[in-house]
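Listed in order, the protein sequences are those of chains A and B.
Heads up: the first sequence is residues 2 to 181, going by the numbering used here.
Heads up: the second sequence is residues 283 to 555, going by the numbering used here.
Note that the Cβ used here is the ideal one computed from N, Cα and C, for glycine as well.
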Amino acid sequence: MEKGGMNRPAGEKETPEFRKNNARLRKETLVNIRKLQSKLTKELLSTALFLLLSIAALNNFSFCPSLPGAIRAALGRPPSVKMISAVLLLYVFSAIILILARMMSGSGRYGGVAHVGYLAGFYIFYHFSGKLPENFWAVFAAGATVFGLEIYHLWIYCSEAVENEREVLAFLDGKRGGRE
Amino acid sequence: MLKSLTARAIIPVTVSVTGFVVVCCILLYSIMKTDMANDVTTYETNQARTIVKSTRYAMLRDDRESLANIIDNIGTQENVEHVRIFNKKGLIMFSSNHSETGRLLDKNAAGCIECHSGPVPSATLGDMKQARRFINEKGKDVIAITAPIYNEPGCVQAACHIHTAEQKILGTLDIGLSAVPLVNNLAVMRSRMVIFSIMVLLVTVGGVAALLRRYVFIPLRLLADFTEKAIAGVEQKIPPCAAEIETLAGNIRSLVGELISLRQEKARWKKEE
């Protein structure tokens, strides 16, 4: 290893420089592990947010006060249900392709809260066009698919990355099984 | 188990295909449901117009007996839940259900409110706005249409009973058909879609799993067995594999070959010593 000269022969005395680099690398590794763990937690929180939003949509946002007529008129006519459905289909298709592409490339990027935003948009558009009860399950299935794939991808990615970081930690601690 | 190579190959495919097919099916079902309901409404509107046209002569002649007879006969048709004609004031003049003849309708009731919501009642409504769906007193799901009977020059000029030319609407025909055939068709369509989705899912996931097993997992298992046995000192051959795995198999073969020759040389040296 190049950082801090980790491959020192056994028995050679550790210099202050070596100890300093070792501590820095150890700190960095621990930070990386925490970042990876929080990445998965953030995705799970986004999923929980989506579920909460879905519960509200299932009740047709009945707890929300209805929009005043003036604001409704100012917003104009909602798009047709067929158009909203076509856009939803396009969204699910592109989201699935993007996540599969990330899985293939081994990238750790994720949509997270952005997906909650998109799905909330679909719920709201269906709500204002008065067709939410008929199309609720379509949006919910879209969200479940997107979040299911993202969570699986992130879980695999993060657990592998955390395992790699733990191997680095084990090596720094001088335990066997560390990365050579 | 969820981190195994098999799971990593199958789970994303299963989730993607299932999710996409389910979303497509729900959206398709929703669109087809709306289209079918609109078709029923159009059919019912045409039927209402036909009834209005076919009763026109009896109305012009003020032949109430014939009119009542026509309404009675239409009312005996299968899936026709009610037919009635009421005048401008909302008084039921003719009905397939004789007990409601002479009863006054509430202007705020479903089917009336669409035109009577404003201070001046609307004279025209779109086909879809004329339709209403409700559960009747027999507990049956009904799709009903209210078709206005417009004032025509013939009505104004008729000698038997006079309407003024300013009067736009003389009365309304209300016909209600059972929604049971529509509900049954939708249920059949729903079950077919579920079967179709399951079949698509099984074919896709089964196909991907079978191909992966045949071309990836079995060759990998054979290579793993081969290397394990080579380490244990047992000689065997790897069957030919496909494409990229064959390259890997070739490399393993040459490595194991070298290992065997080294072992043999080592054994020969030991003997010579």
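Does chain B have any CB closer than 7 Å to the CB of A/ALA74?
As a first step, residue 74 of chain A must be located in the first sequence, where it is residue number 73. A/ALA74 does not count as touching chain B.
Any idea what DSSP makes of B/ASN466, helix, strand or coil?
The residue given as residue 466 of chain B occupies position 184 in the second sequence. Helix, per DSSP.
If you reduce the DSSP assignment to three classes, tell me which class B/GLY489 lands in.
Numbered from 1 along the second sequence, position 207 holds the residue referred to as residue 489 of chain B. Of the three classes helix, strand and coil, the one that applies to B/GLY489 here is helix, per DSSP.
With DSSP run on the structure shown, which of helix, strand or coil describes A/MET7?
As a first step, residue 7 of chain A is located in the first sequence; it is residue number 6 there, counting from the start. Reliability fails at A/MET7, whose pLDDT of 48 lies under 50, so the model's placement of it is uncertain and no value is given.
Which residues does DSSP pair with B/HIS364 in a beta bridge?
As a position in the second sequence, residue 364 of chain B is number 82, starting the count at 1. In the DSSP output, where bridge partners are listed per residue, B/HIS364 has B/GLY458.
Just reading off the beta strand (DSSP E) that B/ASP423 is part of, what are its end residues?
Working through the second sequence from its first residue, we reach residue 423 of chain B at position 141. 423-432 is the span of the beta strand (DSSP E), which, as asked, contains B/ASP423.
For chain A, is any of its Cβ atoms less than 7 Å away from the one on B/GLY270?
In the structure as shown, chain B starts at 283 and stops at 555, and residue 270 of chain B therefore has no counterpart that could be examined.
B/ALA506 and B/ILE292 - do their beta-carbons sit closer together than 7 Å?
As a first step, residue 292 of chain B must be located in the second sequence, where it is residue number 10. As a first step, residue 506 of chain B must be located in the second sequence, where it is residue number 224. No, these two residues do not count as a Cβ contact at 7 Å.
So B/ASN433 and B/GLN412 are supposed to be a Cβ contact under 8 Å. How far apart are they, rounded?
Here residue 433 of chain B refers to the residue found at position 151 of the second sequence. Here residue 412 of chain B refers to the residue found at position 130 of the second sequence. About 18 Å; that fails the 8 Å criterion.
Please confirm whether A/ALA162 has its beta-carbon closer than 7 Å to some beta-carbon of chain B.
To locate residue 162 of chain A, count along the first sequence from 1; it is residue 161. It does not: the Cβ of A/ALA162 has no partner Cβ on chain B nearer than 7 Å.
Using the Cα positions of A/TRP138 and B/ALA426, report the straight-line distance between them to the nearest angstrom.
To locate residue 138 of chain A, count along the first sequence from 1; it is residue 137. To locate residue 426 of chain B, count along the second sequence from 1; it is residue 144. Distance between the alpha carbons of A/TRP138 and B/ALA426: 28 Å.
Are B/HIS364 and B/GLY458 close, meaning C-beta to C-beta below 7 Å?
Locating residue 364 of chain B in the second sequence gives position 82, where the first residue counts as 1. Locating residue 458 of chain B in the second sequence gives position 176, where the first residue counts as 1. Taking 7 Å as the Cβ cut-off, B/HIS364 and B/GLY458 qualify as a contacting pair.
Within this structure, are the beta carbons of A/GLU44 and A/GLU151 separated by less than 7 Å?
If you number the first sequence from 1, residue 44 of chain A lands on position 43. If you number the first sequence from 1, residue 151 of chain A lands on position 150. Yes; because the gap between Cβ atoms is below 7 Å, this pair is in contact.
Taking Cβ-Cβ distances shorter than 8 Å, what residues in chain A pair up with B/VAL305?
Here residue 305 of chain B corresponds to residue number 23 of the second sequence, with the count starting at 1. By Cβ distance, chain A contributes LEU89, LEU90, VAL93, ALA139, ALA142, ALA143 and THR146.
Candidates B/LEU537, B/ARG550, B/THR316 and B/THR529: closest to A/GLU135 by CA position
Along the first sequence, read from residue 1 onward, the residue named residue 135 of chain A stands at position 134. It is B/THR316 whose Cα lies nearest to the Cα of A/GLU135.
Taking the alpha carbon of A/HIS128 as the reference point, which residue from A/LEU54, A/LEU37 and A/LEU50 has its own alpha carbon closest?
The count along the first sequence starts at 1 and reaches residue 128 of chain A at position 127. A/HIS128 has its Cα closest to that of A/LEU54, out of A/LEU54, A/LEU37 and A/LEU50.
Please name the residue in A/GLN38, A/THR30, A/PHE51 and A/PHE123 whose C-alpha comes closest to that of A/VAL117.
Here residue 117 of chain A refers to the residue found at position 116 of the first sequence. Comparing Cα-Cα distances from A/VAL117 to each of A/GLN38, A/THR30, A/PHE51 and A/PHE123, the minimum goes to A/PHE51.
Alpha carbon to alpha carbon, how far is A/VAL88 from B/PHE302?
To locate residue 88 of chain A, count along the first sequence from 1; it is residue 87. To locate residue 302 of chain B, count along the second sequence from 1; it is residue 20. Each residue's alpha carbon lies about 13 Å from the other.
Can you give me the Cβ contacts of B/ASN418 inside the same chain, cut-off strictly under 8 Å, excluding the 5 residues immediately before and after it?
Taking the first residue of the second sequence as position 1, residue 418 of chain B is located at position 136. Contacts found: GLU363, HIS364, VAL424 and GLY458.
Does A/ILE125 come out as helix, strand or coil in the three-state DSSP assignment?
Residue numbering aside, residue 125 of chain A sits at position 124 when the first sequence is read from its first letter. Correct three-state label for A/ILE125: helix.
Tell me the residue span of the alpha helix (DSSP H) that contains B/SER336.
Sequence index remark: in the second sequence, residue 336 of chain B carries index 54 (1-based). Element bounds for B/SER336: 287-342.
Just how far apart, CA to CA, sit B/ARG346 and A/PHE64?
Residue 346 of chain B sits at position 64 when you count from the first residue of the second sequence. Residue 64 of chain A sits at position 63 when you count from the first residue of the first sequence. Looking at the two C-alpha atoms, the distance is approximately 53 Å.
Using 7 Å as the threshold, is the C-beta distance between A/LEU173 and A/ARG27 below it?
Here residue 173 of chain A refers to the residue found at position 172 of the first sequence. Here residue 27 of chain A refers to the residue found at position 26 of the first sequence. Cβ atoms of A/LEU173 and A/ARG27: closer than 7 Å.
Is there a Cβ from chain B that is less than 7 Å from the Cβ of A/LYS4?
Reading the first sequence from its first residue, position 3 is the one you call residue 4 of chain A. Model confidence at A/LYS4 stands at a pLDDT of 43, short of 50, so the residue's coordinates are unreliable and nothing is read from them.
Of all Cβ atoms in chain A, is any one closer than 7 Å to the Cβ of B/LEU287?
Within the second sequence, residue 287 of chain B is the residue found at index 5, counting from 1. So no, B/LEU287 is outside the interface.
Look at B/ILE353 and B/LEU455 and say whether their C-beta atoms are less than 7 Å apart.
The count along the second sequence starts at 1 and reaches residue 353 of chain B at position 71. The count along the second sequence starts at 1 and reaches residue 455 of chain B at position 173. Going by C-beta atoms, B/ILE353 is not nearer than 7 Å to B/LEU455.
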